[in-house]
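Visitor: Questions regarding the structure given below will be posed in turn.
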Amino acid sequence: MHFTNAFLLFAVVFCVTALCIGFTDRVTADDNPAALSVPVDDVGTINGRMVLPSEIPTWFRGGQMSFDKAVVMIEGMYRGPRLNRPDNYSEMSREERQAWFAEFRKTEAYEKYEKEKREAYENRPVWTFPVAEDGSFEVKGMKLGRYNVIPLFPHAAARGKELTSQSWGSAFKQIVLSDERTSIDVGNMELKLKNVVMPGDMAPTWRATGYDGKEIKSSDFHGQYVILDFWATWCGPCIAEIPNLAKVYEEFRGDRLEVIGLSIDDTIDLPTGFLQKRPSIYRQAYLGQWHDTETTTRDFGIQSVPSIWLIGPSGRVIDRDLAGARLGEAVREALRKTADTNEAESSGAAGIGTK
């Protein structure tokens, strides 16, 4: 089956730092940018079929899944900048690597590296195509080269290029279209299901253990803005976000804001030792092992850390995948909207009974 219409993503997104727009614009397959620079007889074809697991897990919240809402994403390769690590990096302990990364993050070289990495990722070629009613797909007009084939069931609110983290189900296979293999059938690709929570959704409830041994839970913070930071001591980018979280906490702590770091380390001893050396000015707790299927990470659909969320006073998600300057901007915007609403309500109340 050949599709004459295809979804093309014009939005740009970096995994945790960029704004996203929708993938509703349609173009013909003949307009596929990957095919414009090659002869008609030198283009590739990708065939396959996405299939659901034989059993849907009881914890899955995605409901009934219909292939008319599914897409297959074809992601081209891109080359990012090289991170110049010390010659003895492989011999360093985890603590030494974290210390090196913390110092590297203070340099102009780090800013240049992050800028180049972000630009490379944002400019990577990505296309999405619809699938047939039985889950099959056929993509024609692809330039010869290496691609990731990723069938997806996106959340209704999914936007931008980073669709995998915003999808109820996904699969992955890397292929190479070459002169010897201009057509590849990837066969059946069974989706791996996960929960997805997007802005506007109610945030899952959670429980964690404070480092004083007392339990804390989501209901303790009802009526407050809450930043949840899922992190781990082995995660360099997580450690790099700690100063940003501390800065936001210091700036907004008087505006009904709570910042909570939730460690997903294998044992509570790891974050305990880390926080003894680097005390936190905001609240910290131990959530449990990431791969423990009973933990909150499954309910949130978290696939990587750091994963930073802003939850509103009503318990609804305001924003997700926050990092860097976007973290403060999201909190500032949320508090501004609350202030505007309160002012409008006060003005309305003051006008009752007046002529």
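Under our numbering, the first residue of the sequence shown carries the number 47, and numbering increases by one thereafter. Glycine included, C-beta positions come from ideal geometry on N, C-alpha and C. Nothing here was measured: the structure is a model prediction, and the numbers come from that model.
For residue 232, which residues from the same chain have a beta carbon less than 8 Å from its beta carbon, with the 5 sequence-adjacent residues on both sides left out?
Guide: As a working mapping, residue 232 is identified with position 186 in the sequence shown. 92, 93, 94, 195, 219 and 221, listed in sequence order.
Visitor: Can you list, in chain order, the residues of its chain with a C-beta nearer than 6 Å to that of residue 192? Leave out the 5 residues immediately preceding and following it.
Guide: For this step, residue 192 is matched to residue 146 along the sequence shown. Excluding residues within five positions, the ones whose Cβ falls inside 6 Å are 123 and 222.
Visitor: Taking the C-alpha atoms as reference points, what is the distance between residue 276 and residue 206?
Guide: The sequence position of residue 276 within the sequence shown is 230, counting from 1. The sequence position of residue 206 within the sequence shown is 160, counting from 1. Between residue 276 and residue 206, the C-alpha separation is close to 23 Å.
Visitor: My output table needs one value for residue 143: the three-state DSSP class, helix, strand or coil.
Guide: As a working mapping, residue 143 is identified with position 97 in the sequence shown. Helix, per DSSP.
Visitor: Just the C-alpha distance for residue 167 and residue 265, rounded to the nearest angstrom, thanks.
Guide: Walking along the sequence shown from the start, residue 167 turns up at place 121. Walking along the sequence shown from the start, residue 265 turns up at place 219. Roughly 38 Å separates the two Cα atoms.
Visitor: So which of 254, 162, 300 and 210 has the shortest CA-CA distance to residue 120?
Guide: What you label residue 120 is simply residue 74 of the sequence shown in a count that begins at 1. It is 210.
Visitor: So who's on the other strand from residue 331, going by DSSP bridges?
Guide: Here residue 331 refers to the residue found at position 285 of the sequence shown. Looking at the DSSP assignment, residue 331 forms a beta bridge with 256 and 308.
Visitor: From residue 199 to residue 152, what does the alpha carbon distance come to, in whole angstroms?
Guide: Counting from 1 along the sequence shown, the entry for residue 199 is found at position 153. Counting from 1 along the sequence shown, the entry for residue 152 is found at position 106. Each residue's Cα considered, the two are about 40 Å apart.
Visitor: Once the 5 residues before and after residue 263 are set aside, which same chain residues still bring their CB inside 8 Å of it?
Guide: Counting from one through the sequence shown, the residue named residue 263 turns up at place 217. Excluding sequence neighbours, residue 263 sits near 251, 252, 253 and 254.
Visitor: Is there contact here, the region 224-241 with the region 102-111, by at least three beta-carbon pairs under 8 Å?
Guide: Contact between the region 224-241 and the region 102-111 is present, because at least three Cβ pairs lie under 8 Å.
Visitor: Which residues bound the alpha helix (DSSP H) around residue 285?
Guide: Counted from its first residue, the sequence shown places residue 285 at position 239. Where residue 285 is concerned, the enclosing alpha helix (DSSP H) stretches over 282-298.
Visitor: Determine the DSSP secondary structure at residue 313, reduced to helix, strand or coil.
Guide: By 1-based counting over the sequence shown, the position of residue 313 is 267. Correct three-state label for residue 313: coil.
Visitor: With residue 247 as the anchor, note down where its alpha helix (DSSP H) starts and where it stops.
Guide: Taking the first residue of the sequence shown as 1, we reach residue 247 at position 201. Looking at the DSSP string, residue 247 is not in any alpha helix (DSSP H), and its letter there is neither H nor E.
Visitor: Please state whether DSSP places residue 175 in a helix, a strand or coil.
Guide: Position 129 of the sequence shown, counted from the first residue, corresponds to residue 175. Three-state result, residue 175: strand.
Visitor: Considering only C-alpha positions, which residue in the set 366, 300, 154 and 179 is nearest to residue 270?
Guide: What you label residue 270 is simply residue 224 of the sequence shown in a count that begins at 1. Taking only the C-alpha atoms, the option nearest residue 270 is 300.
Visitor: Report the rounded CA-to-CA distance for residue 150 versus residue 372, giving the unit in angstroms.
Guide: For the purposes of this step, residue 150 is taken as residue 104 along the sequence shown, with counting starting at 1. For the purposes of this step, residue 372 is taken as residue 326 along the sequence shown, with counting starting at 1. Their backbone Cα atoms lie some 21 Å apart in a straight line.
Visitor: Report the residue from 353, 314, 352 and 377 whose alpha carbon sits nearest the alpha carbon of residue 364.
Guide: The residue given as residue 364 occupies position 318 in the sequence shown. The residue with the shortest Cα to Cα distance from residue 364 is 377.
Visitor: For the structure I just gave you, are there three or more beta carbon pairs, one from the region 344-364 and one from the region 243-250, closer than 8 Å?
Guide: Cβ pair count under 8 Å is three or more, so yes.
Visitor: Verify whether the separation of the beta carbon atoms of residue 294 and residue 370 is less than 8 Å.
Guide: The count along the sequence shown starts at 1 and reaches residue 294 at position 248. The count along the sequence shown starts at 1 and reaches residue 370 at position 324. Not a contact, by the Cβ cut-off of 8 Å.
Visitor: Tell me which residue opens and which closes the beta strand (DSSP E) that residue 135 is part of.
Guide: Numbered from its first residue, the sequence shown carries residue 135 at position 89. First-last for residue 135: undefined, no H or E at that position.
Visitor: How far does the beta strand (DSSP E) with residue 345 in it reach, from first residue to last?
Guide: For the purposes of this step, residue 345 is taken as residue 299 along the sequence shown, with counting starting at 1. Premise fails: residue 345 lies in the alpha helix (DSSP H), 342-346, not in any beta strand (DSSP E).
Visitor: For residue 356, which three-state DSSP category applies?
Guide: Counting from 1 along the sequence shown, the entry for residue 356 is found at position 310. It is a strand residue.
Visitor: What does the alpha-carbon distance come out to for the pair residue 97 and residue 234?
Guide: Reading the sequence shown from its first residue, position 51 is the one you call residue 97. Reading the sequence shown from its first residue, position 188 is the one you call residue 234. Each residue's Cα considered, the two are about 6 Å apart.
Visitor: Excluding five sequence neighbours on each side, which residues of the same chain lie with their C-beta closer than 8 Å to the C-beta of residue 125?
Guide: If you number the sequence shown from 1, residue 125 lands on position 79. The residues are 166.
Visitor: What's the gap between the Cα of residue 114 and the Cα of residue 245?
Guide: Here the question's residue 114 lines up with position 68 in the sequence shown. Here the question's residue 245 lines up with position 199 in the sequence shown. For residue 114 and residue 245, the distance between alpha carbons rounds to 23 Å.
Visitor: Tell me whether the region 285-293 and the region 333-347 touch, counting them as touching only if at least three CB pairs, one residue from each stretch, are closer than 8 Å.
Guide: Too few Cβ pairs lie closer than 8 Å, so no.
Visitor: Pop quiz: residue 310 and residue 335 are said to be a contact at Cβ under 8 Å. What is the actual Cβ separation, rounded to whole angstroms?
Guide: Residue mapping note: residue 310 aligns to position 264 of the sequence shown, counting from 1. Residue mapping note: residue 335 aligns to position 289 of the sequence shown, counting from 1. Rounded, the Cβ-Cβ distance is 7 Å, consistent with contact.
Visitor: I'd like to check one pair, residue 257 with residue 313: are the Cβ atoms closer than 8 Å?
Guide: In the sequence shown, the residue the question calls residue 313 occupies position 267. In the sequence shown, the residue the question calls residue 257 occupies position 211. No, the pair does not count as a contact, with Cβ atoms beyond the cut-off.
Visitor: Do you know how far the Cα of residue 187 is from the Cα of residue 76?
Guide: To locate residue 76, count along the sequence shown from 1; it is residue 30. To locate residue 187, count along the sequence shown from 1; it is residue 141. Confidence at residue 76 is low in this model, with a pLDDT of 37, below 50, so the placement of that residue is unreliable and no value is reported for it.
Visitor: With a threshold of 8 Å on Cβ separation, who are the neighbours of residue 261 within its own chain once the five nearest residues in sequence on each side are excluded?
Guide: One-based indexing of the sequence shown puts residue 261 at position 215. Here the set comprises 253, 254 and 255.
Visitor: Residue 204 and residue 216: beta carbons closer than 8 Å?
Guide: Mapped onto the sequence shown, residue 204 falls at position 158. Mapped onto the sequence shown, residue 216 falls at position 170. Cβ atoms of residue 204 and residue 216: not closer than 8 Å.
Visitor: Relative to the C-alpha of residue 170, which candidate in 131, 162 and 331 has its C-alpha closest?
Guide: Position 124 of the sequence shown, counting from 1, holds the residue named residue 170. Among 131, 162 and 331, the Cα nearest to that of residue 170 is on 162.
Visitor: Since residue 271 is in the alpha helix (DSSP H), which residue starts that stretch and which ends it?
Guide: Walking along the sequence shown from the start, residue 271 turns up at place 225. Run containing residue 271: none in the alpha helix (DSSP H); it sits in the beta strand (DSSP E), 271-277.
Visitor: Hey, would you say residue 197 sits closer than 8 Å to residue 116, going by beta carbons?
Guide: As a position in the sequence shown, residue 197 is number 151, starting the count at 1. As a position in the sequence shown, residue 116 is number 70, starting the count at 1. Yes.
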